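What follows is a short report on a single structure.
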Amino acid sequence: MMGISLGKLIFTVVVVVGVWTLFKAIARRNGKTRVNPAQRAARMAEDTVRNRMGDRGDKGRSGGDAMDLVRCPSCGAFTAEGSTCQCGWKAPG
Ligand SMILES: [Zn+2]
336 MMGISLGKLI FTVVVVVGVW TLFKAIARRN GKTRVNPAQR AARMAEDTVR NRMGDRGDKG
396 RSGGDAMDLV RCPSCGAFTA EGSTCQCGWK APG
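The sequence shown begins at 336 in the numbering used here and counts up by one.
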């Protein structure tokens, strides 16, 4: 007999669905204790942002992109340290 009976077909479907349900149940139970991928991604993104902000803070403290301005005593204009004012006064620094 080479034919597939309805009984065998139903048995196969029941076994496949049963195994699938079992694996889903196991995965759900593990998912509660473990961190799911979405939470892991959110945590990684938070760490990246925190690290980037930390780097920028360190650079600013060591004198990176920000420059100090000095007020010219003769004309009152603010010029960057070490540069010359419009009136010719050389700012210290
Ligand atoms: Zn000046």
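Backbone N, C-alpha and C define an ideal beta-carbon position, used for all residues, glycine too.
Keep in mind that this is a model prediction, so the values were computed, not measured.
Exposure label - Gly395; buried when at least 16 CB within 10 Å: Low confidence applies to Gly395: its pLDDT is 46, below 50, so where it sits in the model is not reliable enough to give any reading.
Residue of Lys359, Gly338 and Ala415 minimising C-alpha distance to Gly428: Ala415
Unbroken beta strand (DSSP E) run spanning Ala415, endpoints: Phe413 to Ala415
Separation of Arg385 from Ala376, as counted between CA atoms: 14 Å
Nearest-angstrom Cα separation, counted from Arg406 out to Ser418: 12 Å
Minimum length 3: unbroken beta strand (DSSP E) runs contained in the segment 362-386: none
Same chain only: Cβ atoms within 6 Å of Cys410, ignoring 5 sequence neighbours per side: Cys422
Thr414 CB to nearest heavy atom of ligand 1 below 8 Å: yes
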